[in-house]
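According to our numbering, the sequence shown is numbered sequentially starting from 33.
Below is one structure, written out as structure tokens, with a few remarks after it.
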Amino acid sequence: MKGYAWANGAATILNAVANWKGSAFGIELKTTAEVELNKSGCIKGDVPGMDTRLIERCAQLVLERFGCKYGATVRTWSEIPVAGGLKSSSTAANAVVLATLDALDEDLDRIEATKIGVQAAREVGVTITGALDDALASMLGGVVVTDNREMALLKHEELSGSVMLLVPDRKLFSRDTNVERSRLIAPLADVVFELAMRGDWGRAMTLNG
């Protein structure tokens, strides 16, 4: 049995490391996933040159959710550069969760499906806050504001328009963020959060930067 799905990337409005509140918006770059179920009992990621722990754990959590004992081979293909700020991990997690559901012919509420990927990201250590904001922006599209500590979606609005993306030459992984230094700017992050909650996305992004 095979399942297929895709998820969009996203970009940051408010980074959640400082105060656990985050905001992000979806973009049209995609990651596609294929999950092929088998009877091996082993889940194996097949993405040459990449760390596959996250996508393997995503598939495993979905299978556990439905009490299934299958093994699986998990593959992804992406238009999104890794560690370039466009949420490649959250997008891959979403795509794999949805592809596993497709392989099982099962369905979940989109927010619940997203939280499976967030749990997997926390467990394998690719995120600090869980990145619920990034994951929901990827899954739902538009703009989201979240409380990552409480795992709550606070605001979701549709957003359309063009965006110009500047991807840095060097890779910057979320797990390498200096949390202590980031928490020093929590008062400023609180201001950005209020702007985001009011829908003032442009000013929020500028201050976050």
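Here a beta-carbon is modelled for each residue, glycine too, at the ideal position from N, C-alpha and C.
Distance check between ALA125 and each of LYS53, GLN151, ARG97 and ASP179 places GLN151 closest, using alpha-carbon atoms only.
Of the other Cβ atoms in all chains shown, 16 or more fall within 10 Å of the Cβ of MET171; this residue is therefore buried.
Separation of the CB atoms of ILE87 and VAL106 is rounded to 5 Å, and the pair is thereby assigned contact status at 8 Å. Per the C-alpha coordinates, the member of ALA65, ASN70, ASP165 and GLY73 positioned closest to VAL79 is ALA65. In the displayed model, THR178 falls within a strand according to three-state DSSP.
In the DSSP assignment, PHE225 falls within the alpha helix (DSSP H) that extends over 218 to 229.
By the CB criterion at 9 Å, LEU61 and GLY81 fall outside the cutoff. Judged by DSSP secondary structure, THR146 falls within the alpha helix (DSSP H) whose first and last residues are 142 to 156. ALA218 sits away from ASN240, with the two beta carbons spaced by 9 Å or more.
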